[in-house]
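**Student:** Structure below; questions to follow.
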Amino acid sequence: MRSVFICVTAIVLVAAPIRPAAQGVQNAVAWDTTFRTIPDAKNIGDYMRRLSARPHHLGSAYDKDNAEWILAKFKEWGWDARIETYQVLFPTPKERLLEMIEPTSFKASLREPAIAVDPTSNQDAEQLPTYNAYSIDGDVTGELVYVNYGRPVDYEELDRRGISVKGAIVIARYGESWRGIKPKVAAEHGAVGCIIYSDPADDGYSVDDVFPNGPMRNRDGVQRGSVMDMPSYPGDPLTPNVGATAEAKRLEIKSAPTLTTIPVLPISYGDAQPLLAALGGRAVPPGWRGTLPITYRIGPGPARVHLRVAFNWNQTPLYNVVARLQGSTLPDEWVVRGNHHDAWVNGAADPVSGMAPELEEARALSELVKRGWRPKRTIVYIAWDGEEQGLLGSTEWVEHHDEEIRYKAGIYINSDGNGRGFLNADGSHSLEHFINEVARDVEDPDTKMSVWKRLQASVIARGTAEKREEARTRADLRIDALGSGSDYSPFLQHNGVPTLNLSFGGMDDDGIYHSIYDDFYHFSKFSDVDFRYGRALAQLVGTAVIRMADAELLPFQFTNVADTIQTYVKDVQTLLKQQQDEITERNRQIEDGVFAAVADPHRPVQTPKVEQPVPAINFAPLENAVASLTRAADRYKKAVDVSAPRLVANRPAVAAINARLIQGERQFVEPSGLPKRSWYRNLLYAPGYYTGYSVKTLPGVREAIEQKRYSEAEAEVVRVARAIDRETALLDAASADLERLK
Ligand SMILES: [Zn+2]
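When we follow our numbering, the leftmost residue of the sequence shown carries the number 1, and every step to the right adds one.
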């Protein structure tokens, strides 16, 4: 039914163009309705074919060629576009060797072969070999130890079995934590080298047929990827906190803290199987088993391996394409949208399936301009380079323009690839209501219901009783907080820009991530084959951009922020309580001799040590702050409702309120940053120090509790409470301003 109205409105609009000067709130809605009729799935497929035709990693010839092609497209569509260049450290492999020397000899192939039916898989002259970027050079030999996912909890399990990795080379499987965490934790435990492999349980034959017969990872497929210590800071390792311009002051390579401290290499399951099969010792616990046809054992040894890697430590030029549509009445307020254009190899799924819709949005927006539309705010569209190495393009740009972005950027909308299925919307909770409203107006290509309605159905179908009830009754579907792993991170967590990360997915599995087989052939056979979800993404993001650019009053909503922070406070309280109960119970079991009584003498496990009881923490400052924020958010919501009809008549006063609102998310930003990692300045959201991609909310408080630094946790409670109080004061001031409008 909705789609019929869209068509009718569009026809009326085309027939009777509206003069820009006459635009009000009504017309903004009409313009975004027209916009949604413009994106064309065929164009999205054409852009993908072009951008993924050859390998286009940072520093490659085709990466630069793509940047220039994207620039030409923006210019052709009338945008004010240019390339902004930085110089970044990007190591590429000079030497890679992995061999087993005992008890038998085996040399890993470290090679992904071309496949006859896949026309771009044979471009080996331009393909980056399989490796992990920002591993240090190294030549090490040692006994092999299998460490499961290589998380801190996996090493606790090894400790209980009396197994040390000191002087050993560990082999970890991909999954559960971000890959950069694996060598970091291995080195903390004394390992001298780290191998990471893709187990078929995760994205290989246990899931579905392997490529080229199916979408999953074949026995030679390797996941490349960065292993820099991104939870400390992303971006160029040599220029933390400043843009990596040619003249920027740089750290020396040997003192760059985000490089690994041990050599690392990723391998396929074809290469991993002989190594794992040669391990002795006890069989692994059930949660450690993959699905290779072997008995999984931990070692150490008798397998001994030799790992040698060496890199060209070059400075490489990086090309961000930055395009602007100048705002008519509020040019100094920006709506920023981005996706990266660089890939590990051909990268049809990652990143082009998100980059191609972004280009189609840009074309469709310029189409609106031809029909008379002028955005009130400035729209900035960016194609990032160097994302794969550690968010280099976006981080350097945000660091370089930090001050300007702080006062101008009202929102950053990111995507990084796209598939078929349900809407994924994560981000700042001040935008939760906004993106719910947008999603109600975009049609799902398969079901023809709104993408909002389909998402609601999926939450109901998958959720717990509590989630089901909430999805049926709460006005807005909840969005999740953002951790890291894409270009939103510097905007949200360093600068404090309200941020959304958007995509569709959930219908298709694949196992080609960061391999040579992520290409047009694979995508057009196994993913969004007719690009209809690419079109839906362009419609969704474009609608959000237009509404944000044209809103009289920036469409933030803070009752959802207060509601969400409330849940975070409960979470950290529960976490502390669980830790108190666990440690009390374990100490009791140790003292009562329970561990000794149930132990299997043939498989000895060490009794844990008695730990200090967990102290109480005073959460009152946080509880009081959230209660005040809830009241302020309710007052602001009422003030917005009452003042809505008066905004147009009070534009100068409203402009001052908007300038205030742009600083809303930034009240949660603390210049001194989080403990141990000052680059991360947002006290609400950060990637986990030991998880990497996945988010830690109230990270200062939560991680101090997790890592048993209780006095630090209490100090962090006070810091977060103060940030929330700043937000409350800002909202009260904005409410008072709105209430004064006549
Ligand atoms: Zn990506």
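The beta carbon of each residue, even a glycine, is placed where N, CA and C say it ideally should be.
Check whether the Cβ atoms of F90 and G372 sit closer than 9 Å, and answer yes or no.
**Tutor:** Within the sequence shown, the letter at position 90 stands for residue 90. Within the sequence shown, the letter at position 372 stands for residue 372. The answer is no: Cβ separation not under 9 Å.
**Student:** Based on the DSSP secondary-structure assignment, which residues constitute the bridge partners of E102?
**Tutor:** As a working mapping, residue 102 is identified with position 102 in the sequence shown. BP columns for E102 point to R304.
**Student:** Taking the alpha-carbon positions, what's the G287 to S232 distance?
**Tutor:** The residue labelled residue 287 in the question sits at position 287 within the sequence shown. The residue labelled residue 232 in the question sits at position 232 within the sequence shown. Approximately 29 Å, taken between the alpha carbons.
**Student:** Cα separation between Y690 and Q127?
**Tutor:** In the sequence shown, counting from the first residue as 1, residue 690 sits at position 690. In the sequence shown, counting from the first residue as 1, residue 127 sits at position 127. If I take the Cα positions, the gap works out to 31 Å.
**Student:** Contact defined as beta carbons within less than 8 Å: I believe A633 pairs with T559. What is the distance between those atoms, to the nearest angstrom?
**Tutor:** Here the question's residue 633 lines up with position 633 in the sequence shown. Here the question's residue 559 lines up with position 559 in the sequence shown. So it is a contact: roughly 4 Å between Cβ atoms.
**Student:** Determine the DSSP secondary structure at F74, reduced to helix, strand or coil.
**Tutor:** If you number the sequence shown from 1, residue 74 lands on position 74. In the structure shown, F74 sits in a helix (DSSP, three-state: H, G or I).
**Student:** Quick one: grab the DSSP three-state call for I590.
**Tutor:** Residue 590 sits at position 590 when you count from the first residue of the sequence shown. Correct three-state label for I590: helix.
**Student:** May I ask you to report which of helix, strand or coil DSSP gives V192?
**Tutor:** Here residue 192 refers to the residue found at position 192 of the sequence shown. DSSP places V192 in coil when its eight states are reduced to three.
**Student:** For R478 and T245, what's the separation of their Cα atoms in angstroms?
**Tutor:** Here residue 478 corresponds to residue number 478 of the sequence shown, with the count starting at 1. Here residue 245 corresponds to residue number 245 of the sequence shown, with the count starting at 1. Cα to Cα, R478 sits roughly 40 Å from T245.
**Student:** Closer than 8 Å to a non-hydrogen atom of ligand 2 - does that hold for the CB of E387?
**Tutor:** The ligand content of the structure shown is limited to ligand 1, which means ligand 2 is not among them.
**Student:** Does DSSP classify R161 as helix, strand or coil?
**Tutor:** Indexing the sequence shown from 1 puts residue 161 at position 161. It is coil, neither helix nor strand.
**Student:** Below 7 Å CB to CB, which residues in the same chain sit around T607 once its five sequence neighbours on both sides are set aside?
**Tutor:** Here residue 607 corresponds to residue number 607 of the sequence shown, with the count starting at 1. Answer for T607: I590, F595 and A596, listed in chain order.
**Student:** Going along the chain, which residues of its own chain have a beta-carbon closer than 6 Å to the beta-carbon of S643, five neighbours each way excluded?
**Tutor:** In the sequence shown, counting from the first residue as 1, residue 643 sits at position 643. For S643, where only same-chain residues beyond five positions count, the Cβ hits under 6 Å are L738 and L741.
**Student:** Report yes or no: do three or more beta-carbon pairs, one from the segment 325 to 339 and one from the segment 366 to 383, lie closer than 8 Å?
**Tutor:** A contact exists between the segment 325 to 339 and the segment 366 to 383.
**Student:** Whole angstroms is fine: what's the gap from V309's alpha carbon to P55's?
**Tutor:** The residue you call residue 309 lines up with position 309 of the sequence shown. The residue you call residue 55 lines up with position 55 of the sequence shown. When rounded, the distance between both Cα atoms is 23 Å.
**Student:** Applying the 10 Å Cβ sphere with the 16-neighbour rule, what's the burial state of G421?
**Tutor:** Indexing the sequence shown from 1 puts residue 421 at position 421. Buried is the call here.
**Student:** Identify whether L730 lies in helix, strand or coil by the three-state DSSP scheme.
**Tutor:** Working through the sequence shown from its first residue, we reach residue 730 at position 730. In the structure shown, L730 sits in a helix (DSSP, three-state: H, G or I).
**Student:** What residues in its chain sit with their C-beta under 8 Å from that of K166, if we drop five residues either side in the sequence?
**Tutor:** Taking the sequence shown and counting its residues from 1, the one referred to as residue 166 is at position 166. Here the set comprises H189, G190 and A191.
**Student:** Helix or strand or just coil, what does DSSP make of M449?
**Tutor:** As a working mapping, residue 449 is identified with position 449 in the sequence shown. Coil.
**Student:** Rounded to a whole number of angstroms, what is the C-alpha to C-alpha distance between L307 and E585?
**Tutor:** Along the sequence shown, one-based indexing puts residue 307 at 307. Along the sequence shown, one-based indexing puts residue 585 at 585. Rounded to the nearest angstrom, the two C-alpha atoms are 43 Å apart.
**Student:** W384 bridges to which residues according to DSSP?
**Tutor:** On the sequence shown, residue 384 is found 384 positions in, with the first residue counted as 1. In the DSSP output, where bridge partners are listed per residue, W384 has H340.
**Student:** Would you report the Cα separation of D350 and H340, rounded to the nearest angstrom?
**Tutor:** Locating residue 350 in the sequence shown gives position 350, counting from the first residue. Locating residue 340 in the sequence shown gives position 340, counting from the first residue. Spanning the two alpha carbons is a distance of roughly 9 Å.
**Student:** Do D236 and L392 have their beta-carbon atoms positioned less than 9 Å apart in this structure?
**Tutor:** On the sequence shown, residue 392 is found 392 positions in, with the first residue counted as 1. On the sequence shown, residue 236 is found 236 positions in, with the first residue counted as 1. The answer is yes: Cβ separation under 9 Å.
**Student:** Could you have a look at L431 and say whether DSSP puts it in helix, strand or coil?
**Tutor:** Position 431 of the sequence shown holds residue 431. Of the three classes helix, strand and coil, the one that applies to L431 here is helix, per DSSP.
**Student:** Is G417 near ligand 1, with its Cβ less than 8 Å from a heavy atom?
**Tutor:** Residue numbering aside, residue 417 sits at position 417 when the sequence shown is read from its first letter. Because some heavy atom of ligand 1 lies under 8 Å away, the Cβ of G417 counts as near it: yes.
**Student:** V572: which of P601, G281, I253 and V701 sits nearest, CA to CA?
**Tutor:** Counting from 1 along the sequence shown, the entry for residue 572 is found at position 572. It is V701 whose Cα lies nearest to the Cα of V572.
**Student:** Quick check on the burial criterion: 16 or more other C-beta atoms within 10 angstroms. Buried or exposed for T567?
**Tutor:** For the purposes of this step, residue 567 is taken as the residue at position 567 of the sequence shown. Classification of T567: exposed, given that the 10 Å Cβ count is below 16.
**Student:** Taking the straight line between their C-alpha atoms, what separation do you get for P274 and P300?
**Tutor:** Taking the sequence shown and counting its residues from 1, one reaches residue 274 at position 274. Taking the sequence shown and counting its residues from 1, one reaches residue 300 at position 300. About 15 Å.
**Student:** Is the beta carbon of D350 within less than 8 Å of some heavy atom of ligand 1?
**Tutor:** As a first step, residue 350 must be located in the sequence shown, where it is residue number 350. Within the cutoff, so yes.
**Student:** Which residues in the same chain have their Cβ closer than 8 Å to the Cβ of L537, if we skip the five residues on either side of it in sequence?
**Tutor:** On the sequence shown, residue 537 is found 537 positions in, with the first residue counted as 1. If we look at L537 and ignore the five residues flanking it on each side, its Cβ neighbours are G354, P357, S415, N418, L502, S503 and F504.
**Student:** Can you tell me which of T130, A713, N320 and D271 puts its alpha carbon nearest to the alpha carbon of Y381?
**Tutor:** In the sequence shown, counting from the first residue as 1, residue 381 sits at position 381. Considering only alpha carbons, the answer is N320.
**Student:** Quick check on the burial criterion: 16 or more other C-beta atoms within 10 angstroms. Buried or exposed for E638?
**Tutor:** Position 638 of the sequence shown, counted from the start, is the residue given in the question as residue 638. Checking the sequence shown, residue 638 turns out to be Lys, not Glu. With fewer than 16 Cβ atoms within 10 Å of its Cβ, K638 is classed as exposed.
**Student:** Which value, in whole angstroms, describes the spacing of the CA atoms of K184 and P212?
**Tutor:** Here residue 184 refers to the residue found at position 184 of the sequence shown. Here residue 212 refers to the residue found at position 212 of the sequence shown. Cα to Cα, the separation comes out at about 34 Å.
**Student:** Identify whether A16 lies in helix, strand or coil by the three-state DSSP scheme.
**Tutor:** Taking the first residue of the sequence shown as position 1, residue 16 is located at position 16. Annotation note: pLDDT 35 at A16 (below 50); position unreliable, coordinate value reported separately. Here A16 sits in coil by DSSP.
**Student:** DSSP on K609, reduced to helix/strand/coil?
**Tutor:** By one-based count along the sequence shown, residue 609 stands at place 609. Coil at K609, not helix or strand.
**Student:** By the DSSP assignment, the alpha helix (DSSP H) with R631 in it spans what residues?
**Tutor:** Residue 631 sits at position 631 when you count from the first residue of the sequence shown. Where R631 is concerned, the enclosing alpha helix (DSSP H) stretches over A620 to S643.
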